[in-house]
Amino acid sequence: MENEPDHENVEQSLCAKTTEEELNKSFNLEASLSKFSYIDLDKELEFKNDLIDDKEFDIPQVDTPPTLESILNETDDEEESFVLEDPTLLNIDTIDSHSYDTSSVASSDSGDRTNLKRKKKLPDSFSLHGSVMRHSLLKGISAQIVSAADKVDAGLPTAIAVSSLIAVGTSHGLALIFDQNQALRLCLGNTSVGGQYGAISALSINNDCSRLLCGFAKGQITMWDLASGKLLRSITDAHPPGTAILHIKFTDDPTLAICNDSGGSVFELTFKRVMGVRTCESRCLFSGSKGEVCCIEPLHSKPELKDHPITQFSLLAMASLTKILVIGLKPSLKVWMTFPYGRMDPSSVPLLAWHFVAVHNYVNPMLAFCRGDVVHFLLVKRDESGAIHVTKQKHLHLYYDLINFTWINSRTVVLLDSVEKLHVIDRQTQEELETVEISEVQLVYNSSHFKSLATGGNVSQALALVGEKACYQSISSYGGQIFYLGTKSVYVMMLRSWRERVDHLLKQDCLTEALALAWSFHEGKAKAVVGLSGDASKRKAVVADRMVEILFHYADRALKKCPDQGKIQVMEQHFQDMVPVIVDYCLLLERKDLLFSQMYDKLSENSVAKGVFLECLEPYILSDKLVGMTPQVMKDLIVHFQDKKLMENVEALIVHMDITSLDIQQVVLMCWENRLYDAMIYVYNRGMNEFISPMEKLFRVISPPLNAGRTLTDEQVVMGNKLLVYISCCLAGRAYPLGDIPEDLVPLVKNQVFEFLIRLHSAEASPEEEIYPYVRTLLHFDTREFLNVLALTFEDFKNDKQAVEYQQRIVDILLKVMVENSDFTPSQVGCLFTFLARQLAKPDNTLFVNRTLFDQVLEFLCSPDDDSRHSERQQVLLELLQAGGIVQFEESRLIRMAEKAEFYQICEFMYEREHQYDKIIDCYLRDPLREEEVFNYIHNILSIPGHSAEEKQSVWQKAMDHIEELVSLKPCKAAELVATHFSEQIEIVIKKLQNQVLLFKFLRSLLDPREGIHVNQESLQMPPSVTEQFIELLCQFDPNQVIETLQVLECYRLEETIQITQKYQLHEVTAYLLEKKGDIHGAFLIMLKRLQSKLQEITHQDEKAKEDLSLKDVEDTMVETIALCQRNSHNLNQQQREALWFPLLEAMMAPQKLSGSAAPHLHPEGSSLRKRKTWRNPGTHSGNVGYL
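So in our numbering, spot 196 of the sequence shown is number 198, and the numbers just go up one at a time.
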């Protein structure tokens, strides 16, 4: 076999030992230079030492692990199956080995130059992820490359391949082999052969690092033994002559390699050894005449995956200028998938990269391919039938063009853009973790080989254009490291370990960022994690230890960097920026021991830092995230806030703290002196299990002023409210001001509080003290709220004997205190009996209350000594009845007393129960506060379903009986009510309205649409006589509005209406009606007669009277008359028009004839001409007196 050692017929080695010795001597083997290490396996595939992180891979938990077949058959939401294209694209049959036609730019269809890049900006990732990549110059190798060019004329570096050795090819045909110590082990080839073959254009090392393949710019291929440095093969006929080797790749089978030449063709090279003779057979897989291939990538599997079902196919990915192909070389040649690029920039470089990734707990190969600014990911599986199944995964959109794509592990990829900037990307989240500028590398490009300059440049323009940015042979990855070949150097890049990333931030004095990054490692949310193994708890412990070290360093730095001089505000700001970070992370790490001992002691060295530290604890205490503080810290905390006069903060803190370890009496005194009542109660309850003492202290303050009838101060009101809430909490089993009383203490606390409240006298009672002082005080303070507290307590009581006794006892005390005293208001007494009524109305009621007490309350509310608080007394009685108290009264007596007291709402409540809805109308009409609501009430009864016809009829009859009152109250509402419900009885309503003024208001509201009632006038169906009756009333009460009203009215007869207006001598209205009737001449005569009358009045009055009267009336009448003539002249003949205009002009000229002089505003000159013009063209003049 080819991979076995061979000691026979070894061809003459081209390695000049003198060259190697000279270089080794020159650099003394460079043994002292720094070593570089390799990560042998990707972390996600280290099955023995590391666990797959389900959370990071977003793997759901399953009860039964799925089978390989079921997994391979799954289709994700984003997966799309590919349709295979014509398999004849591959040269499966033997073809002419010299067929190397190339395609042109036009035929390649390689994209659109006008394609605009997405201007998507990624956030600055340094503060989130730190420095993810570590890049180093391999000084030993770099120096020897330069020296080889200088000493042995090796030329410039052109290609690199990395395995456990590093191979660097040069422009003069040499291959320099370096070991892990950067020492030069071999120098393969010589410059004379290099002159014949040209530059090394491609390199490949096989899996076990025993063989090296070198491709040359002039098309030759050589194979070397890396153990002995001997040349095993020189291959000159594997592909068409005159084309450069662009790629040469070993497959996992050491006897099989793939090469790609500058003609765009791909060949399979099979190495054999027969009878000790080494041979190489070449087979063309893809002809450049069908589309030039410029990138190939066989699938390589790690040793631990050698039995993976996909490896038997020996998959090969190829990228042409228009599409990518995935083919299987074994067991027979087969196309498994093709995928076209689509439109893109023709200068973009096609890229391919395989990697095994874990998906759904199974590891399968994933192919990344891109050309331009979009990276596609294809997951390759073997389905149940044994066929390859390719599914598309989520693609990656970028804002830059790529020239290299490298997997660094299954979750992290490193991209190189066209301006030589590296981008580290998390594949799953597509988040950019870091960018690195590598222009200093001076990356080697493979452009000359793509243009095949060594053989005369016989390549297509499309391939030459791609070659401008091609750097396939300058970048090689191995074991999680990426090697970049520069013109004079070699750089290596690898992921930093998590600890190194944290330390890198620390070196740059970014302590806060370092802590944040470490916390992301602790929580498993960091990206590109290296160096953390084991289960989650083990990883957290390791990171937590490192974080503690950083926190100590952070605390020292905070104290050291504090400004020594300047304003105190500057120091405070400094510590406010730094101390909260220490507190936050100590609590996040659950290291309160560290926080309250070493950290607190350290920060206490500076008083300002100590104060800031204590203030930082406040939000954690208030949110109950911090319990178990040391007594010293608690004491210092309270003293600190007390010194800063922040007593409200002190109270808020105390009620969230476990204060049992403090001096209780001292804290209580401090709380009382500073009016921190919540805190005081809390300390009594939690510190001493004492629930009565805080009530006694508060009662001593609020009882004396209440008993004396004085108004409480604001502070005393606050105390009283807190007292009520505290009592409510205690009786409900809740702790004050928050939380719950321990279950074993709840019955005891309830009994203690009840016994305290119903004490006959207080502990330090004076001889004048009335009985039951505590109940009396609470009733005086806020009767309603105290009774609400008792009601809630009664709800919670279980029906045991003791509970029933407590309830009855408290009720008896309440009655004794309130009923036997005259210093309670009606509202307070009403509240008590409402409370009692509600309790008595319960189905399981066990209380007894003497019914005569309710009669006394009724007498008290309905027959007061004076008429004060009428509304209050009525409301109290109404609430009592609604709460169920009505069963305690004789209803007839209740109604009599309510009517006597003018409690109309009470009457309504009672009539409602008896369905006497008609009587409720009387209640509304007699109640001045609610009389206008009667219309809505009547409307609701008549329109809402549920009322009988008899009930509706009685309500309507009552409304008819009170129609005059209703119209007088709101004419519009009354009219709307009648029109809505009884439009056919309008005439009956009219007869009932004897008062003419009310009738006028009613009809006006009913008929005049300007009054705004929402009734369809056509639906009323009233006879014209009703409208005419309204017009007659309008002539009497508002004659000036008759014409305007007639213009909006309908349903009236003209003859009858004219008679009405003539009756009331409304000449203008009569003229309007005659004109509407069509009697233009009759209307004109009325207006003319009115004008003549007014002119005659002016003529016979003296000058003074004329001035007083003015000509306004005359002018108005004349303008109206002229308007009448103008409106109708166009419908009249000439004779009829003269009959209008000439008499009008004669009438206006008559005063002038009588006086013998020109009347004001009248001009006799040319009158004949003007009057003819006017009546011939009546519409051309405005009709003013001056013109006529």
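Glycine residues also receive a C-beta, built at the ideal position from the N, C-alpha and C atoms.
Owing to the predicted nature of the structure, the values given are computational and were not obtained by experimental measurement.
With burial defined as no fewer than 16 other Cβ atoms inside 10 Å of the residue's Cβ, what is the status of residue i: buried or exposed?
i	result
I1062	buried
I773	exposed
V164	buried
T1072	buried
K1114	exposed
A1125	exposed
I237	buried
D537	exposed
T408	buried
G458	exposed
H1192	Because the chain spans 3 through 1190 in this model, residue 1192 falls outside it and cannot be assessed.
Name the residue from the options whose alpha carbon lies nearest to the alpha carbon of residue i.
i	options	result
F218	N208, G197, D210, K509	G197
C564	H555, Q575, L369	Q575
Q184	Y364, A145, P242, N192	A145
L519	G536, R501, S450	R501
C512	F598, L130, L380, G458	L130
E525	P706, E620, D798, Y587	Y587
S350	E470, Q444, L380, V276	E470
L424	R373, I477, G388, D626	I477
K529	Q432, A466, L792	Q432
K251	R235, L215, A240, M277	L215
G482	S539, E439, N411, L435	N411
P775	V936, S166, M820	M820
N691	V751, A654, V719	V751
P379	Q754, L354, E620, D385	Reading off the sequence, residue 379 comes out as Phe, not Pro. The candidate whose alpha carbon is nearest that of F379 is L354.
Q1049	L759, D1010, A229, Q1064	D1010
S454	D403, Q222, V685	Q222
What are the boundary residues of the alpha helix (DSSP H) that residue i is part of?
i	result
P621	609 to 624
R541	538 to 562
S705	695 to 709
N1130	1114 to 1131
How big is the Cα-Cα spacing for residue i and residue j?
i	j	result
I326	V585	56 Å
E1013	T1029	15 Å
S479	S206	12 Å
V806	S705	29 Å
Q884	I940	23 Å
F701	T779	8 Å
I922	M1024	31 Å
L1036	I1082	25 Å
C979	R1006	Here the sequence assigns Leu to residue 979, which means Cys is not the residue at that position. Approximately 14 Å, taken between the alpha carbons.
V468	T393	28 Å
K332	E270	12 Å
R932	Y1066	41 Å
K724	D680	8 Å
G388	F315	10 Å
Starting from residue i, follow the beta strand (DSSP E) in both directions and report where the run begins and ends.
i	result
E434	433 to 439
Q483	483 to 487
L323	That residue, L323, is in no beta strand (DSSP E); it is neither H nor E in DSSP.
F252	247 to 252
H241	Premise fails: H241 is in no beta strand (DSSP E) and is neither H nor E.
I179	177 to 180
I405	404 to 411
E299	295 to 300
Would you grab the beta carbon distance between residue i and residue j for me? Rounded to a whole angstrom, and I think it's under 8 Å.
i	j	result
L2	A151	Any answer about residue 2 is impossible in this case: the structure gives the chain only from 3 up to 1190.
I143	I179	Contact flag wrong, Cβ pair sits at about 11 Å.
C2	L789	Any answer about residue 2 is impossible in this case: the structure gives the chain only from 3 up to 1190.
F598	V635	5 Å
L234	R280	6 Å
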